[in-house]
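J.: The structure's right below; bear with me while I get my questions together.
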Amino acid sequence: MEQQPVRKPRVLCLHAFRTSGKIFEKQTEVWPEFVREKMDLVFIDAPFPAEGGSGVQGKFDPPYYEWFQFNQGAIIAPALPGMQAEGVALTSVPMIKFVMLLSGSKLGGSMFSSPRLAKNAFSSPIQCPSLHFLGEKDGAKPNGIELLDSFVEPLVIHHPE
1 MEQQPVRKPR VLCLHAFRTS GKIFEKQTEV WPEFVREKMD LVFIDAPFPA
51 EGGSGVQGKF DPPYYEWFQF NQGAIIAPAL PGMQAEGVAL TSVPMIKFVM
101 LLSGSKLGGS MFSSPRLAKN AFSSPIQCPS LHFLGEKDGA KPNGIELLDS
151 FVEPLVIHHP E
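Set out below in structure tokens:
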């Protein structure tokens, strides 16, 4: 009997504030190949053209985009499993199987107010498996630490940058 090839997990990659999917893809090229080859990374652009300067100007060419005219994909992404569990978002797609967050922050946490749609995203501990990357020099590290309490058994990788 022939075995079916193992399907790689598909990962939706939400870029940072005023960058783009192409820029995020370029940034992940520093990841080890043995990591990248195990995932089907899907990079998309936010729906809104950036309405101001970008922190990556001079390093990456435009165009730059924004998510819902507030900060980063790593702020939206952790709220999505909770919103899906509450039945207010992503109701016509399969349940999110895991989240991987670089410089993640919590909507409704100490830094970012919560849109009405996401008000209950963190009302219960999020059961979705999660991988959190926390950089020692990252200004968003306190937000990432605050976010950890929202997940059941979060896996954390600390890196020196």
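Under the UniProt record's numbering, think of the first position of the sequence shown as 1, with each following residue one higher. Cβ atoms here follow ideal geometry from the backbone N, Cα and C, with glycine treated the same way.
#1: Please report the distance separating the alpha-carbon of residue 133 from that of residue 90.
#2: Kindly identify the DSSP beta-bridge partner or partners of residue 133.
#3: Rounded to a whole number of angstroms, what is the C-alpha to C-alpha distance between residue 124 and residue 2?
#4: Have a look at 16, 81, 96 and flag the residue whose alpha-carbon is nearest the alpha-carbon of residue 49.
#5: Check residue 7 in the structure and name its three-state DSSP category.
#6: Under a Cβ-count criterion, where at least 16 other Cβ atoms within 10 Å of its own Cβ denotes burial, should residue 24 be classed as buried or exposed?
#7: When the Cα atoms are used, what is the spatial distance from residue 12 to residue 81?
#8: Just mark residue 98 as buried or exposed, buried being the case when its beta carbon has 16 or more other beta carbons within 10 Å.
#9: When burial is assigned at 16 or more other CB atoms within 10 Å of the CB, is residue 34 buried or exposed?
#10: Does the beta-carbon distance from residue 19 to residue 42 come in below 7 angstroms?
#11: So, with DSSP's three-state summary, where would you put residue 68?
T.: Taking the coordinates as given:
#1: Taking the sequence shown and counting its residues from 1, one reaches residue 133 at position 133. Taking the sequence shown and counting its residues from 1, one reaches residue 90 at position 90. Distance between the alpha carbons of residue 133 and residue 90 is about 25 angstroms.
#2: In the sequence shown, the residue the question calls residue 133 occupies position 133. Answer is 102, 157, bridged to residue 133.
#3: Position 124 of the sequence shown, counted from the start, is the residue given in the question as residue 124. Position 2 of the sequence shown, counted from the start, is the residue given in the question as residue 2. Straight-line Cα distance between these residues: approximately 43 angstroms.
#4: As a position in the sequence shown, residue 49 is number 49, starting the count at 1. The shortest Cα separation from residue 49 among 16, 81, 96 belongs to 16.
#5: Residue 7 sits at position 7 when you count from the first residue of the sequence shown. In this structure, residue 7 counts as coil in the three-state DSSP scheme.
#6: Working through the sequence shown from its first residue, we reach residue 24 at position 24. That one is buried.
#7: Within the sequence shown, numbered from 1, the residue matching residue 12 stands at position 12. Within the sequence shown, numbered from 1, the residue matching residue 81 stands at position 81. Rounded to whole angstroms, residue 12 to residue 81 spans 13 angstroms at the Cα level.
#8: Against the sequence shown, residue 98 aligns to sequence position 98. Burial call: exposed.
#9: Residue numbering aside, residue 34 sits at position 34 when the sequence shown is read from its first letter. Flag for residue 34 reads exposed.
#10: What you label residue 19 is simply residue 19 of the sequence shown in a count that begins at 1. What you label residue 42 is simply residue 42 of the sequence shown in a count that begins at 1. No, they are not a contact pair.
#11: Within the sequence shown, the letter at position 68 stands for residue 68. Any answer about residue 68 is weak, because its pLDDT of 45 lies below 50 and its placement is not dependable; what the coordinates show is given next. Three-state DSSP puts residue 68 in coil, outside helix and strand.
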